[in-house]
Amino acid sequence: MEERTKLLIALGAATAANCIPCFEHLYYEAGVAGLTSEEIQEVVDLASKVKNGAHIALKNSIHEMMGSEEKYDLPCSAQSSGSC
Numbered sequence: 003m004e005e006r007t008k009l010l011i012a013l014g015a016a017t018a019a020n021c022i023p024c025f026e027h028l029y030y031e032a033g034v035a036g037l038t039s040e041e042i043q044e045v046v047d048l049a050s051k052v053k054n055g056a057h058i059a060l061k062n063s064i065h066e067m068m069g070s071e072e073k074y075d076l077p078c079s080a081q082s083s084g085s086c
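This is the structure in structure tokens:
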């Protein structure tokens with residue numbers, strides 16, 4: 003796997019894990035590897051969408067367990083039983 007790809011994956015994981023020190027370190031490494039701000043922002047946006055989808059799925063499961071019919075829409079483009 004190319005180093006740039008590894009860094010993009012790691013930046014997404016750091017975003018999803020809310021790990022600021024990880025992101026800061028990886029952001030520096032991404033700059034050294036020549037990743038653009040646009041590429042980094044795209045992966046941050048995607049990771050945030052996935053994380054938000056997982057949180058919404060959790061809230062829907064809790065509502066279902068509590069007998070509520072209220073459902074939140076997943077942020078993905080196509081509704082499915084999973085997250086993004």
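Numbered by the numbering used here, the letters in the sequence shown go through residues 3 to 86 in order. Quick reminder that beta carbons are idealized off the backbone N, C-alpha and C, glycines included.
Distance between beta carbons of Glu31 and Leu9, contact taken as under 8 Å: A Cβ-Cβ distance of about 6 Å is found for the pair Leu9 and Glu31, placing them in contact under the 8 Å criterion.
Three-state class that DSSP yields for Glu72 in the structure shown: In this structure, DSSP gives Glu72 a state outside helix and strand, which the three-state scheme calls coil.
Whether Thr17 touches Ala49 by CB criterion (8 Å): Judged by beta-carbon spacing, Ala49 lies within the 8 Å limit of Thr17, meaning their Cβ atoms are closer than that value.
Simplified DSSP state of Asn62, which is helix, strand or coil: Helix.
Cβ separation of Ala12 and Leu28, assumed to be a contact under 8 Å, to the nearest whole Å: In this structure Ala12 is in contact with Leu28, their Cβ atoms being roughly 5 Å apart against a cut-off of 8 Å.
Proximity winner among Met3, Lys51, His57 and Glu66, relative to Gly14 (alpha-carbon distances): With distances taken between Cα atoms, Gly14 lies closest to Lys51.
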